[in-house]
Amino acid sequence: MTFRLYDSATRGVRDFAPLEEGKAGLYLCGLTVQSEPHVGHVRSGVDFDVLQRWLRHLGFEVTFIRNVTDIDDKILAKAAEQGRPWYNLAYEMHRELDRAYAALNVAPPTYEPAATGHVPEMVELITELITRGHAYPAEDGSGDVYFDVRSWPSYGELTRQGIDDMEAATDVDPQMLAKKRDPRDFALWKGWKKESEPETAAWPSPWGPGRPGWHIECSAMAGKYLGPAFDIHGGGVDLRFPHHENEQAQSRAAGRPFASYWMHNAWITTAGEKMSKSLGNSLTIPAVLETYRGIELRFYLLMAHYRSHVEFSFEALDEAAVGLRRIENFLDRAAVTESGSLSQDFVDAMNDDLGTPAAIAVLYDAVREGNRLLASGDDASTQAGEVLAMLDVLGLHPHDPAWGGRGGDDVKLTAAVDALVSGLLEQRARARADKDFARADAIRDQIKSAGIEIEDTPSGARWTL
RNA sequence: GGUGGGUUGGCCGAGAGGCGAGGCAACGGACUGCAAAUCCGUGUACACGGGUUCAAAUCCCGUACCCACCUCCA
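Every letter in the first sequence is one number past the one before it in our numbering, and letter 282, counting from 1, is 282.
Here it is, written out as structure tokens:
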């Protein structure tokens, strides 16, 4: 079976056929760096990371571009609120996002372009659109440039919407409406508003100083780094319209074929609500990582298929953490560090539109089989190697340096604790040999009160945090 | 109004015409001095009402409820 991917443009699973044999070009709409990233924000990053890893595993040479939107209305508004320069806010939040991705073992993309660094490319694209008659500068001298939706007959093709079926744009600002030929026309370029916007947020252009509209950056950057046509474009479902629809319209109207496949991940909600609206801070990545390890959060996210809506709950995250621990325990006991090969079932699951839940089921099967062998004193290195290989593809390899030691533990600290605990374990072993179980249990309780679990195995006691 | 998605056992979560994904929890058993860990066993779940079929959680029709997008949103 070859790799099959659900394409939201055609609303069906299709065999992945790259434009160029052996190569895959990916573009993911990254975040607008305006606040600390929360669990929902990070899902597209994790899902695309898995996609990227899987394509590499399949032998593709992957070029993965994930942008950062570092200038927009919200950033400007928030920075003004906080009384600091917008670029300072954007840069700080960008670093915060980098930390979040790193904590979840989301590998850096091939390149992470920022909107502000690509104004010339956007100006070039807008100029091309004006030349072709698909865009026009507003006549009021504001310096705004709009995409002419009516001039592009296939506008709406990505989301299967007819222009006239769309709800009338609720642009409350009648001034804004007056500038547009059609209410659905969207801004490619926003003229600088001297009275309310800092000069630092304006770049020179043929239409006067201003800043880019939201959609144009992705078209410009995807074009620059992946070429006029590329393989997969992704983002959250909410981006399908208007963002992706507009990206596609403006790119195609400029003569660029654009993406072959559209991949959209579903939402993560809390209490049935979008995360942005509810509990803005408790689900922020730094906050979650105070209680959970990054590997646990990542595992939790991958237990659901990327196209399935997830109702976030700490109970479910706890369950995932417990399940993951079982896998890690097996690996510890099998004492194997070499990755083996992937089973066909796992490969099939991943090839079927990145079926991570099915893939994880295969993984658990291997763990159970391995444990069974271990229990009967047999060698389980084949299973352990298989498990490691599977975890590796999912970005969950426990020994990955990304987790900082063993899944987040500190190596030196582990050694120190080991030295202390093993002394106590010796005393306990002696007590047990003397059948002084009261004393043996007292030692165990003492160790346990420090948060360390003891388990007796045929080869002696071992401890885990 | 338009477009798309959803409703699966105590919980999480796959599947998408026949053979009970998987995980967590629970209960029983094995192992253990007792535990822990591990293994074995135990569940007749697919919103509701019709229909198609030898066979439907999966297809069709209808109903209910939920959600997303159409405005900044991962």
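For each residue, glycine too, the CB sits at the ideal point set by N, CA and C.
Every value quoted in this text rests on a predicted model; they were computed, and no experiment measured them.
When secondary structure is reduced to three states using DSSP, residue 60 falls in the coil class, being assigned neither helix nor strand.
Within the same chain, and ignoring the five residues on either side of residue 85 in sequence, the residues whose Cβ sits closer than 7 Å to its Cβ are 79 and 200. The residues 362, in chain order, have a CB closer than 6 Å to that of residue 345 in the same chain once the five nearest residues on each side in sequence are set aside.
Put simply, the backbone Cα of residue 252 is about 52 Å away from that of residue 336.
For the set 331, 207, 8 and 261, the Cα lying nearest the Cα of residue 27 is the one of 261. Around the beta carbon of residue 448, a 10 Å sphere encloses fewer than 16 other beta carbons of the protein chains shown; the residue is thus reported as exposed. The criterion of a C-beta distance shorter than 7 Å is not satisfied by residue 177 and residue 213. Note on geometry: alpha-carbon atoms of residue 138 and residue 358 lie some 52 Å from one another. When DSSP reads this structure, residue 191 sits in a beta bridge with 210. Our two residues, residue 231 and residue 65, have alpha carbons roughly 12 Å apart in a direct line. Contact between the segment 48-64 and the segment 150-165 is absent: fewer than 3 CB-CB pairs across the two stretches fall below 8 Å. The Cβ atoms of residue 439 and residue 431 lie closer than 7 Å to each other.
With a contact defined as Cβ atoms closer than 8 Å, residue 140 and residue 181 miss out at about 13 Å.
Residue 453 carries a strand assignment under DSSP once its states are collapsed to helix, strand and coil. Secondary structure of residue 28 (DSSP, three-state): strand.
Checking the DSSP bridge columns, you'll see residue 460 partnered with 457. In this structure residue 268 touches residue 310 by the C-beta definition: roughly 5 Å separates them, less than 8 Å. When only Cα atoms are considered, residue 295 and residue 427 end up about 35 Å apart. Scanning 417, 383, 314 and 246 for the CA closest to the CA of residue 271 turns up 314.
With respect to the 7 Å criterion, residue 37 and residue 100 are classified as neighbours on the basis of their beta carbons.
The continuous beta strand (DSSP E) containing residue 258 extends over residues 258-265.
Scanning its chain for C-beta atoms nearer than 7 Å, with the 5 sequence neighbours on each side dropped, one finds around residue 184 the residues 149, 163, 166 and 169, in chain order. Between residue 227 and residue 263, the C-beta gap is not smaller than 7 Å, which leaves the two residues out of contact. The segment 387-404 and the segment 415-425 do not touch, with fewer than 3 CB-CB distances between them shorter than 8 Å. Taking 7 Å as the cut-off, the beta carbon of residue 330 is found no closer than this to the beta carbon of residue 265. In the structure shown, the three-state DSSP call for residue 300 is helix. Annotation for residue 97: the continuous alpha helix (DSSP H) segment containing it runs 86-103. Residue 6 sits in a strand when the DSSP states are folded into three classes. Membership of residue 345 in the alpha helix (DSSP H) is indicated by the continuous run 344-351. Its Cα nearest to that of residue 15, the residue 3 stands out among 91, 3, 8 and 453. The three-state secondary structure of residue 23, taken from DSSP, is strand.
7 Å or more divides the Cβ of residue 273 from the Cβ of residue 115. Note on residue 210: 16 or more other CB atoms within 10 angstroms of its CB, so buried under the neighbour-count rule. CA-to-CA, the gap between residue 88 and residue 254 works out to about 34 Å. Per DSSP, the beta bridge partners of residue 136 are 146. When secondary structure is reduced to three states using DSSP, residue 15 falls in the strand class.
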